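Residue numbers (the numbering used here), protein chains in the order written: chain L, 27 to 203; chain Y, 13 to 573. Presented below is the structure to which this report refers.
See the structure below:
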């Protein structure tokens with residue numbers, strides 16, 4: 027799920043940046059350092075929306091650096107168990123397929139793919155394909171967009187992994203959605 | 013998913029994605045997961061994100077085996093470098109490719125090039141003749157895999173060349189980035205279970221595979237290097253090929269700038285020229301004694317520049333890279349390998365249909381055993397003392413190919429027994445054919461009574477440096493083949509050098525001119541160069557020699573001088 031969240035980030039600024047462009051360089055540092063990172067608590071920080079407060083720089087007596095505690099608002103993405111997400115297939119193999127949901131990697135095991143979709147080892151690129159009850163041909167291959175329900179997540183230091191399923195109604199590739 | 017031990021409703025976590033069981037979505041990473049028996053540790057995918065347990069791996073492989081049997085296919089694991097392609101990063105190749113006048117241009121028209129994202133280096137890729145046909149044919153009988161020691165990006169780039177539609181290899185590409193080892197290749201990385209019963213490997217190196225039974229070794233493809241060994245039949249002690257083996261024995265599947273070698277014997281004309289040059293130089297030296305220092309110096313300079321030009325010309329003549337379509341493309345190894353693959357495929361499925369079960373390794377062993385059946389091979393002075401000869405490559409070759417090995421010294425004295433260079437065994441192992449022993453015979457007893465002994469004792473094949481020494485020895489023996497008596501010539505030169513030294517001393521006593529000194533230094537330098545040239549042309553008789561290779565690491569760099 028996506029949230030707008032107020033967060034803080036601490037930046038140590040080198041004295042050479044003290045001057046008319048100090049604010050600008052702080053902003054840049056903030057964007058560089060937080061966007062795209064992942065924390066276990068809040069999930070992926072997708073984008074900084076606004077800077078609430080740059081704070082007052084506190085000079086460090088030992089180094090001469092100024093320390094700023096910046097308050098900012100950012101869009102964060104945290105996947106939850108049971109949540110339905112939309113993703114794009116990246117890799118397909120006989121054990122299942124991987125999909126990217128933004129920065130999140132989701133793996134869907136072959137057991138959690140509806141049985142009418144079969145893995146064809148000779149297909150190129152590899153895919154799961156089959157016909158639905160109303161004779162519609164469905165193919166899951168690299169680049170395909172689909173809906174996945176997240177069954178479980180694991181939070182690494184810098185990444186989140188998830189296991190998903192498409193073995194439910196209204197999951198998987200969506201016809202002309 | 014239940015094991016016999018666990019209660020049936022408990023997940024055995026057979027397949028794990030980054031610490032998450034893909035079945036029950038439980039986090040099975042941490043130390044809490046103490047159920048070691050069911051631990052998923054086998055990497056079945058290319059990128060290693062998914063780990064599976066032994067049980068699941070076996071199940072997956074059984075499925076693969078069934079599918080392949082249905083399609084009547086086996087698995088073929090193919091190496092890239094020096095097996096189906098030859099790669100170089102030498103920019104000279106690019107220059108030649110853009111130069112339509114270059115004699116090598118025609119041969120380079122089907123050289124592909126690419127740049128990898130991580131560096132601006134341009135890679136030039138030459139496909140082994142018949143690669144496309146080979147892959148096309150092989151893909152009918154085998155499911156093709158790539159297993160290379162190159163990086164992922166490199167493997168992908170090469171795959172785009174040899175299989176543009178991704179039809180043959182699909183995503184069955186394993187590179188060094190994922191293989192988990194830089195030194196060895198393991199069949200179990202691709203087939204952790206019984207899949208190896210159906211896998212055939214084609215690689216130019218056996219040691220990385222631990223000479224496993226599934227391996228067909230192919231002669232290393234050496235396009236950018238010593239062309240001689242491809243044209244050369246395996247006779248003449250087959251040294252070029254031995255060198256090649258040695259070379260590739262050092263660096264597997266990496267892209268090296270091809271090592272330098274003109275690998276052409278110096279033509280008689282060139283040798284004649286060298287001789288003339290030397291005579292001219294000697295004549296000038298002698299004349300110098302009777303002339304004023306200035307005139308002598310001038311003369312010498314003229315002669316030297318002339319000699320230099322001759323040397324350049326000679327190099328151009330002897331170095332095929334310059335004025336002839338060098339890069340001969342008549343390698344036919346892939347055809348032979350294809351025949352072998354067809355045969356293995358035929359026998360495998362023949363046996364499968366008859367007996368319902370078959371192991372491709374037994375089939376291959378059967379084919380190999382016929383090669384040297386009834387042969388007794390004595391490895392005398394080949395295996396270093398103290399080294400277990402059963403672990404030596406040659407011993408393995410001999411036994412793999414069906415020969416017995418026993419150390420029987422007296423056999424040499426009896427009639428009807430071939431005493432051959434170890435290369436015979438190496439080449440037999442590559443060709444899967446018993447090659448005629450005559451071409452590899454160590455028959456130097458007449459000229460050198462102990463030579464058979466000497467050269468075989470000096471040839472511990474394990475160490476390449478020693479081998480090149482022994483090859484050098486034999487170069488000496490072959491000196492007369494070119495029709496020119498080099499040793500006599502050497503003696504002549506030395507004699508002249510000695511006498512000119514004396515002359516120099518005399519001259520010095522009379523004239524103490526500094527310029528004079530410089531000129532003499534130059535002459536001696538030139539003589540040194542000349543001798544070096546001779547060395548290399550000596551080496552040229554047999555393809556390449558160690559010294560020469562060390563001196564110029566690239567075949568192209570020296571021609572640029």
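Ideal placement from N, C-alpha and C gives every residue a C-beta, glycine not left out. Computed from a predicted model, the values in this text were never measured in an experiment.
C-alpha distance - residue i paired with residue j, whole-angstrom precision
| i | j | result |
| --- | --- | --- |
| residue 93 of chain Y | residue 149 of chain Y | 20 Å |
| residue 62 of chain L | residue 38 of chain L | 20 Å |
| residue 389 of chain Y | residue 232 of chain Y | 25 Å |
| residue 26 of chain Y | residue 103 of chain L | 30 Å |
| residue 112 of chain L | residue 142 of chain Y | 46 Å |
| residue 117 of chain L | residue 188 of chain Y | 20 Å |
| residue 69 of chain L | residue 128 of chain L | 12 Å |
| residue 79 of chain Y | residue 160 of chain Y | 25 Å |
| residue 103 of chain Y | residue 132 of chain Y | 12 Å |
| residue 43 of chain L | residue 105 of chain L | 38 Å |
| residue 199 of chain L | residue 159 of chain L | 15 Å |
| residue 120 of chain Y | residue 146 of chain Y | 20 Å |
| residue 77 of chain L | residue 47 of chain L | 16 Å |
| residue 71 of chain Y | residue 54 of chain Y | 13 Å |
| residue 193 of chain L | residue 33 of chain Y | 17 Å |
| residue 174 of chain L | residue 361 of chain Y | 43 Å |
| residue 407 of chain Y | residue 170 of chain L | 55 Å |
| residue 411 of chain Y | residue 130 of chain L | 55 Å |
| residue 194 of chain Y | residue 353 of chain Y | 27 Å |
Proximity test, Cβ basis, 7 Å: residue i and chain L
| i | result |
| --- | --- |
| residue 165 of chain Y | no |
| residue 226 of chain Y | no |
| residue 32 of chain Y | yes |
| residue 84 of chain Y | no |
| residue 29 of chain Y | yes |
| residue 179 of chain Y | yes |
| residue 182 of chain Y | yes |
| residue 26 of chain Y | no |
| residue 62 of chain Y | yes |
| residue 39 of chain Y | yes |
| residue 57 of chain Y | yes |
Among the options, nearest to residue i - alpha-carbon criterion
| i | options | result |
| --- | --- | --- |
| residue 451 of chain Y | Y:411, Y:441, Y:435 and Y:152 | Y:435 |
| residue 581 of chain Y | Y:86, Y:169 and Y:97 | Given that chain Y is displayed from residue 13 to residue 573, the structure contains no residue 581 of chain Y and the question cannot be resolved. |
| residue 432 of chain Y | Y:441, Y:448, Y:442 and Y:443 | Y:448 |
| residue 124 of chain Y | Y:357, Y:29 and Y:134 | Y:134 |
| residue 130 of chain Y | Y:439, Y:166 and Y:206 | Y:166 |
| residue 364 of chain Y | Y:82, Y:115 and Y:183 | Y:82 |
| residue 143 of chain L | L:162, L:92 and L:85 | L:162 |
| residue 64 of chain Y | Y:90, Y:24, Y:385 and Y:346 | Y:24 |
| residue 205 of chain Y | Y:101, Y:39, Y:73 and Y:196 | Y:73 |
| residue 235 of chain Y | Y:127, Y:96, Y:193 and Y:191 | Y:96 |
| residue 184 of chain Y | L:79, L:182 and L:148 | L:148 |
| residue 75 of chain Y | L:85, L:121 and L:83 | L:121 |
| residue 80 of chain L | L:64, L:53 and L:87 | L:53 |
Chain Y contact for residue i (CB, 7 Å cutoff)
| i | result |
| --- | --- |
| residue 121 of chain L | yes |
| residue 150 of chain L | yes |
| residue 106 of chain L | no |
| residue 208 of chain L | Absent from the structure is residue 208 of chain L, since the part of chain L shown begins at 27 and ends at 203. |
| residue 135 of chain L | yes |
| residue 187 of chain L | yes |
Expected contact under 8 Å - CB spacing of residue i and residue j to nearest Å
| i | j | result |
| --- | --- | --- |
| residue 56 of chain L | residue 40 of chain L | The Cβ separation is near 15 Å, so there is no contact. |
| residue 172 of chain L | residue 125 of chain L | 7 Å |
| residue 140 of chain Y | residue 343 of chain Y | 6 Å |
| residue 189 of chain L | residue 177 of chain L | 5 Å |
| residue 180 of chain L | residue 175 of chain Y | Wrong, their Cβ atoms sit about 36 Å apart, outside the cutoff. |
Own chain residues within Cβ distance below 6 Å of residue i, not counting five before or after
| i | result |
| --- | --- |
| residue 165 of chain L | 153 and 155 |
| residue 151 of chain Y | 180 |
| residue 196 of chain Y | 220 |
| residue 105 of chain Y | 136 |
Test: residue i CB closer than 7 Å to a CB of chain C
| i | result |
| --- | --- |
| residue 172 of chain L | No chain C appears in this structure, whose protein chains are L and Y. |
Neighbourhood of residue i by C-beta distance below 7 Å, restricted to the same chain and skipping five residues each side
| i | result |
| --- | --- |
| residue 349 of chain Y | 214, 228 and 230 |
| residue 173 of chain Y | 124 and 137 |
| residue 30 of chain Y | 61 |
| residue 218 of chain Y | 227 and 229 |
Sequence-distant residues of the same chain with beta carbon closer than 8 Å to residue i, five excluded per side
| i | result |
| --- | --- |
| residue 146 of chain L | 152, 153, 154 and 155 |
| residue 60 of chain L | 33, 35, 71, 74, 98 and 100 |
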